[in-house]
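> Here it is: the structure, laid out below.
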Amino acid sequence: MDHKTFISGLARQLGKDTNNTEFMVKALTDAIKEAASSLDAVAIPGFGQFDSIKKDEYVAVDDTDGQTKLYPPVIELTFSPGSKLKKRLSHE
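Here my numbering is used: the first residue of the sequence shown is 18, the next is one more, and so on.
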């Protein structure tokens, strides 16, 4: 499902216009990004939890050119579904 289809379907379910729905989705994703950049977890009751994990910088040999390179630190975002979401998805 692409972004436009997701927004229009969500707007229809909420009874809102697509612009308002897109604004709400963007606000949610921005809040999650901000929390992740601070290495904070975001828990949404009944849905799940987003956790951020910082992987330190590392030195490795690039396979393509054989040069040793320093790779920067990376923050990865993981999602753990909540029990209500798991239960709902397993029964559909």
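Cβ coordinates follow ideal geometry from the N, Cα and C atoms, glycine included.
Since the model is a prediction, treat every value here as computed from it, not as a measurement.
Under 8 Å, with one C-beta from each stretch per pair, do the region 61-71 and the region 89-98 reach the 3-pair mark?
Result yes; three or more Cβ-Cβ pairs closer than 8 Å.
> Under 8 Å, do D80 and K86 count as touching if we go by C-beta distance?
Cβ distance not < 8 Å, so D80 and K86 don't count as in contact.
> Enumerate in chain order the residues of its own chain whose CB-to-CB distance from A77 is below 8 Å, with the five nearest sequence positions on each side excluded.
Closer than 8 Å at Cβ, skipping near neighbours: T85, K86 and Y88.
> Would you grab the beta carbon distance between T35 and A28 for me? Rounded to a whole angstrom, and I think it's under 8 Å.
5 Å between Cβ atoms; contact.
> The alpha helix (DSSP H) with Q30 in it runs from where to where?
From DSSP, the alpha helix (DSSP H) with Q30 extends over H20 to L31.
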